[in-house]
């Protein structure tokens, strides 16, 4: 093939694979991230109830605007306080 | 009756004067820089050749070289006419052999673009073409290629001549019993073949011009004697067997390259221009290929200038468009524009580019008739280049990281220009703080445009209401206020109605804003309603837009017709409108 100049960056982020699922939620710390989408908090309230019933501990986080990427500092806090995270995408 | 004559080049020592030409009946006499003289003669048989050589010896010339030149003169002159043809031409309709020989002899040159010897011959012809036209000698080049290829190849060679295209299976080439290209055939005024040259041989082509000049009654012209003086041609396509012709049509063809790029995924779903190193270098125009505009959301691929240029080539841009593409990409990558949100959302926005200033004319952007639609390369390819950067470099491909439920046609690329010369108002760029006459791009996160017909309003108030209420269902019927930007594209006739009433842009903006309001209770019946409208007192008037400043106005479109349009907003992105100057 002719020598073309690629528009792609080989280091760009692609589709990330799903993280391995934990076998049980009992005793795990779950970070709940509200992305500030309409009724996202309601969804997370219900999830929080269910998680606690399963023996997990929870911590709530929020980012100011759903359509903007989370700040590095927020991602760090979620990582510190959670063994796993649930994000509320809603409408 | 065959009257074919074979042409010989006879080289002798010393510089001979022109009288020798007459004594041996030479077609040409050329004095070389190496102190020799070359006589070009045409003879019917070996006996006649020996006669010429004997004359030279008798006159005291020292023979140092003898060569058969590739020209044949007077080929089947009396018995066979040059085959007639009627072929499509570049810019002059059907061209027939009869039309070419109507006023004098015609030089018909068969070529193929992929043949280097053909291209060499075209470059050499470029040096004599204008002179031949003045001499009354027609010059027609028959390409075994499509018309577009013929036009490009001749342009590259700097040749101006009648260009015709012969489609497969090359019936004309077959009728002329072509073996290879280039082949030049001299046809006299009566339609007889007066000579033929196969391949490139400057002495042979000179001999052909000499015969043509004699027929036209003018002094002969010469080709430049640049190297190479001789070069064999390439097989004429008319000689290909069917399987070869089929393979040739597919192998290495532009269509196949485009298919390759579809296969690689270097596309938005439309054919692309292959981003070869040469094309990308031309697009870069000397800019540093490794310099970067920053990471492109959502995949955060780095927008090196080389990758931006590759996207511009893929999109079909000319290098002249690149400053506009660069400014648009820079603007789109500004934090406040939130390209990241736009690139991955389920909602539909594309990135609309509005261009102001002299660069519009410089690159051929259309702001007139059909301003939002197809037909103009600059508009379509500049917008597409930005979108390809998002989709390829940024990885924001629909169905991949781009999760748009529907998207819209404008996401292929949308670049429009303001008709500043027609507008009664200051251009968008000036409203945005730039000096008049500055070339700028303004980036707006935009849904598809909605066309608004109003051929009846006679007052500016009526027209403002019509435009505003048409836009009142934007985003969602009961989503008031929008809290996002709407761009109105006001057609020239509508702009004139406003201007004739003394209305400025700000007046139109305020009038639309004020016209479109409803009590909160009317907005709560169904569908999406903003929380603040749900919470408001039922009789509180709610405007469609949060503030008049969210309405942008430009003027564009054809002189006739009262059709304006409004580009829908992009909600939830917090997308600021971003303007950037286009660097000279």
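Residue numbers (the numbering used here), protein chains in the order written: chain A, 17 to 107; chain B, 2 to 585. We treat Cβ as the ideally placed atom computed from N, Cα and C, and that holds for glycine. Just so you know, these numbers come straight off a predicted model, no measurement behind them.
For residue 466 of chain B, the enclosing alpha helix (DSSP H) starts and ends at 461-471. Between residue 355 of chain B and residue 442 of chain B the beta-carbon gap is near 7 angstroms, inside 8 angstroms, which marks them as a contact. Among the residues of the stretch 287-311 of chain B, those with a Cβ less than 7 angstroms away from any Cβ of chain A are 300, 301, 302, 303, 307, 308 and 311, in the order of the chain.
Under DSSP, no beta-bridge partner is assigned to residue 411 of chain B.
The beta carbon of residue 30 of chain A falls within 8 angstroms of a beta carbon belonging to chain B, placing the residue at that interface. 389, 390, 393, 394, 395 and 396: these are the residues of the stretch 382-399 of chain B whose beta carbon lies less than 8 angstroms from some beta carbon of chain A, given in chain order.
Proximity of residue 221 of chain B to chain A, defined by a Cβ-Cβ separation below 8 angstroms, is not satisfied. If only complete runs of 3 or more residues are kept, the stretch 366-423 of chain B shows the beta strand (DSSP E) at 415-418, in order along the chain.
Burial check for residue 521 of chain B: the Cβ neighbour count within 10 Å reaches 16 or more, so the residue is buried. Burial is judged here by how many other beta carbons sit within 10 angstroms of a residue's own beta carbon; residue 422 of chain B has fewer than 16 and is exposed.
In the DSSP annotation of this structure, the continuous segment of the beta strand (DSSP E) that includes residue 351 of chain B starts and ends at 351-357.
Beta-bridge analysis with DSSP links residue 184 of chain B to B/111 and B/199. The secondary-structure analysis by DSSP pairs residue 487 of chain B across a beta bridge with B/552. Taking 8 angstroms as the cut-off, the Cβ atoms of residue 90 of chain A and residue 79 of chain A count as close. With a minimum length of 3 residues, the unbroken runs of beta strand (DSSP E) contained wholly in the stretch 237-306 of chain B fall at 293-297 and 302-305. Between residue 22 of chain A and residue 342 of chain B, the CB-CB gap reaches or exceeds 8 angstroms. No Cβ of chain B is located within less than 8 angstroms of the beta carbon of residue 34 of chain A. Within the stretch 351-369 of chain B, no residue has a Cβ lying closer than 9 angstroms to any Cβ of chain A.
Close CB contacts of residue 390 of chain B within its chain, under the 7 angstroms cut and outside five residues either way in sequence, are with 297, 304, 309, 312 and 330 (chain order).
Between residue 70 of chain B and residue 122 of chain B, the gap from beta carbon to beta carbon reaches 8 angstroms or more. DSSP places residue 531 of chain B outside any beta strand (DSSP E), giving it a letter other than H or E. Only buried fits residue 499 of chain B, as 16 or more other CB atoms lie within 10 angstroms of its CB. Of the candidates B/477, B/191, B/502 and B/445, B/502 places its Cα closest to the Cα of residue 462 of chain B. Here residue 97 of chain A has 47 and 75 as same chain residues with Cβ atoms under 6 angstroms from its own Cβ, once five neighbours each way along the sequence are excluded. From the listed residues B/72, B/371, B/92 and B/25, the smallest Cα separation to residue 59 of chain B is found for B/25.
Look at residue 29 of chain B here: in three-state DSSP terms it is strand. In the DSSP assignment, residue 103 of chain A is bridged to A/49. Contact annotation: residue 425 of chain B and residue 567 of chain B have beta-carbon atoms that are not nearer than 8 angstroms.
Taking a Cβ-Cβ threshold of 9 angstroms, the residues of chain B close to residue 81 of chain A are 339, 342, 573, 574 and 575, in chain order. Following the DSSP letters along the chain, one finds residue 323 of chain B in no beta strand (DSSP E) but inside the alpha helix (DSSP H) bounded by residues 323-333. Under the Cβ criterion of 8 angstroms, residue 277 of chain B is counted among the residues facing chain A. The Cβ atoms of residue 84 of chain B and residue 171 of chain B lie no closer than 8 angstroms to each other. Contact check for residue 21 of chain B and residue 30 of chain B: beta-carbon distance about 6 angstroms, within the 8 angstroms limit, so the pair qualifies. Per DSSP, the continuous alpha helix (DSSP H) segment holding residue 173 of chain B begins and ends at 172-176. For the stretch 46-71 of chain A, the residues whose beta carbon sits under 9 angstroms from a beta carbon of chain B are, in order, 53 and 54. The closest CA to that of residue 366 of chain B, considering only B/440, B/194, B/315 and B/542, is found on B/440.
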